[in-house]
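Protein sequence lines correspond, in order, to chains A and B.
Quick note: the first sequence uses the numbering used here, first residue 505, plus one each step.
Quick note: the second sequence uses the numbering used here, first residue 505, plus one each step.
Glycine included, each C-beta is placed from N, C-alpha and C at the ideal position.
Keep in mind the model is a prediction, meaning the values are calculated, not measured.
Number of protein chains: 2
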Amino acid sequence: MMDKVSLGNKGPVCVTPVWVIGTYDQAGKPNASTAAWVGMCCSVPPAVAVSFRKATYAYENILQKKAFTVSIPTEDYINEADYFGIASGRNTDKFAATGLTPVRSELVDAPYVQEFPFILECRLLQHIEIGLHTQFIGEILDVKVDPAALSDGREPVIEKIRPFFFAPGSRSYYAAGQQLGKAFSVGKTIG
Amino acid sequence: MMDKVSLGNKGPVCVTPVWVIGTYDQAGKPNASTAAWVGMCCSVPPAVAVSFRKATYAYENILQKKAFTVSIPTEDYINEADYFGIASGRNTDKFAATGLTPVRSELVDAPYVQEFPFILECRLLQHIEIGLHTQFIGEILDVKVDPAALSDGREPVIEKIRPFFFAPGSRSYYAAGQQLGKAFSVGKTIG
Chain A
505 MMDKVSLGNK GPVCVTPVWV IGTYDQAGKP NASTAAWVGM CCSVPPAVAV
555 SFRKATYAYE NILQKKAFTV SIPTEDYINE ADYFGIASGR NTDKFAATGL
605 TPVRSELVDA PYVQEFPFIL ECRLLQHIEI GLHTQFIGEI LDVKVDPAAL
655 SDGREPVIEK IRPFFFAPGS RSYYAAGQQL GKAFSVGKTI G
Chain B
505 MMDKVSLGNK GPVCVTPVWV IGTYDQAGKP NASTAAWVGM CCSVPPAVAV
555 SFRKATYAYE NILQKKAFTV SIPTEDYINE ADYFGIASGR NTDKFAATGL
605 TPVRSELVDA PYVQEFPFIL ECRLLQHIEI GLHTQFIGEI LDVKVDPAAL
655 SDGREPVIEK IRPFFFAPGS RSYYAAGQQL GKAFSVGKTI G
């Protein structure tokens, strides 16, 4: 096996989920911002982490409202999700521009995207200054999923949600592929 | 469009990357732990966040050594990656059990998995108590990639790395699918 090639400390992760973060501004205007520096960070309480630069409108909104939502888009909305990451809510009504529908969460002071199939409603637990980005940790108060994206057992079905991913290296999006195997199971052949 | 179905606050995210976290214990034994509560969290400095329960061996090791690596497995190593998430380094030598090769990082006091194509070497910046999980934020000091997984322009190529994902709902793994479009580009048709 050849030695690995060092790419230096510029390079970020291989591939990361694409999440659309919903917030209200001070005037109550709904905003949607695409983020890829995101992840689950705790099981109890269930919590997610999303990072934003201080310059973004989402940063201000989350700190003011102590709340945000995560709306996970399907492949069908790749253009809208990309737009949510390009435009700024400071000078644009991004919901109006895309024609997508903001829905006021009943649990937190933030809107989610009606057309996207998988929603997390989060209240801000803490925020952590790291550097260019600030990380916001939000407790998941509810998960809401389109009925058409659920199995008979009411589990979210990846093949129906069709989430997609961001590859920072090539600055491109990738689909979710086929199911490969069961977790906490296929590894039992070892050891 | 039908109303969304509330799944309550039990449910975590839709789909999340699978990372193998490399650490040394106090005796210098290399350990590998699979984590899915992970993500990129800052661009400058480049940093990742990985969460572990206090009960895990990785938790102790990271706090002691102030360092960890991220080794991203290809599909070919799904069994080994799953095993790294099932077994505990407290009572097992997981590298020996899988036959995979620990490589000592020259930059941080942690090992990575030689056979996996995409590596991040991280020094611990801070750790955050959230609840059941503690989040470790690590600065990426270097990204190392197998030469066979790079393009001519030395960018990581997803189709060659073939990373995979964990879907918590169905407790299963999913492949990366096809490239869908260019980020910061396809959304320019809007607005």
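- Look at Cys-626 of chain B: its C-beta is not under 8 Å from any C-beta on chain A.
- Only those residues of the segment 526 to 560 of chain A whose C-beta falls short of 9 Å from the nearest C-beta of chain B are listed: Thr-538, Ala-540, Trp-541, Val-542, Gly-543, Met-544, Cys-545, Cys-546, Ser-547, Val-548, Pro-549, Pro-550, Ala-551, Val-552, Ala-553, Val-554, Ser-555 and Arg-557.
- In the DSSP assignment, Arg-557 of chain B forms a beta bridge with B:His-637.
- DSSP, reduced to helix, strand and coil, places Gly-543 of chain A within a strand of the structure shown.
- Each of A:Asn-513, A:Lys-692, A:Cys-518 and A:Gly-593 was checked against the Cα of Tyr-528 of chain A, and the nearest Cα belongs to A:Gly-593.
- Counting the other CB atoms within 10 Å of its CB gives Ala-653 of chain B a total of 16 or more, which places it among the buried residues.
- A residue is called buried when at least 16 other Cβ atoms come within 10 angstroms of its Cβ; Asn-595 of chain A does not meet this threshold and is exposed.
- Judged by their CB atoms, Tyr-678 of chain B and Leu-684 of chain A are nearer to each other than the 8 Å cut-off.
- Here Asp-586 of chain B is near Ser-689 of chain A, since their CB atoms are less than 8 Å apart.
- Counting every other CB atom within 10 Å of its CB across the protein chains shown gives Asp-650 of chain A a total of 16 or more, marking it as buried.
- For Ser-689 of chain A, the closest Cβ of chain B is nearer than 8 Å.
- Taken in chain order, the complete beta strand (DSSP E) segments of 3 residues or longer contained in the segment 633 to 686 of chain B are 637 to 649, 668 to 671 and 676 to 686.
- At a Cβ-Cβ threshold of 8 Å, Ala-553 of chain B and Gly-543 of chain B count as neighbours.
- Judged by DSSP secondary structure, Tyr-616 of chain A falls within the beta strand (DSSP E) whose first and last residues are 615 to 617.
- Ranked by how close their Cα comes to the Cα of Ile-582 of chain A, the residues A:Cys-626, A:Glu-619 and A:Ile-632 have A:Glu-619 in first place.
- Taking a 10 Å sphere around the C-beta of Thr-693 of chain B, we find fewer than 16 other C-beta atoms and assign the residue as exposed.
- The C-beta separation of Thr-578 of chain A from Tyr-616 of chain A comes to about 14 Å, leaving the pair out of contact by the 8 Å criterion.
- Comparing C-alpha distances from Val-548 of chain B to each of A:Asn-513, A:Lys-569 and A:Gly-691 shows the shortest one belongs to A:Asn-513.
- The three-state secondary structure of Phe-622 of chain B, taken from DSSP, is strand.
- Inter-residue distance for Leu-567 of chain A and Leu-604 of chain B is about 45 Å (C-alpha atoms, whole angstroms).
- The closest CA to that of Ala-600 of chain B, considering only B:Val-509, B:Pro-534, B:Phe-669 and B:Lys-686, is found on B:Pro-534.
- By the neighbour-count criterion, in which 16 or more other beta carbons inside 10 Å mark a residue as buried, Gly-695 of chain B falls on the exposed side.
- Ranked by Cα distance from Val-519 of chain B, the options B:Ala-536, B:Leu-511 and B:Ala-540 are led by B:Ala-540.
- Three or more beta-carbon pairs drawn from the segment 630 to 647 of chain B and the segment 622 to 642 of chain A are found closer than 8 Å, and the two stretches are therefore classed as touching.
- If you ignore the 5 residues before and after Gly-589 of chain B, its C-beta comes within less than 6 Å of the C-beta of Thr-538, all in its own chain and listed in chain order.
- Taken through DSSP and simplified to helix, strand or coil, Thr-578 of chain B comes out as coil.
- For Tyr-563 of chain A, the closest Cβ of chain B is not nearer than 8 Å.
- Bridge partners of Leu-628 of chain A according to DSSP: A:Gly-642.
- Within chain A, the residues whose beta carbon sits less than 7 Å from that of Asp-646 of chain B are Ser-510, Gly-512 and Asn-513, listed in sequence order.
- The beta carbons of Thr-638 of chain B and Lys-570 of chain B sit no closer together than 8 Å.
- Not flagged as an interface residue toward chain A: Ala-614 of chain B, since no C-beta distance is shorter than 8 Å.
- Listed along chain B is no residue with a C-beta nearer than 8 Å to that of Asn-595 of chain A; the closest approach is about 11 Å.
- In this structure, the beta-carbon distance from Pro-516 of chain A to Pro-550 of chain B falls below 8 Å.
- Taking 8 Å as the upper bound for CB-CB distance, Ala-671 of chain B and Ile-662 of chain A are in contact here, some 5 Å apart.
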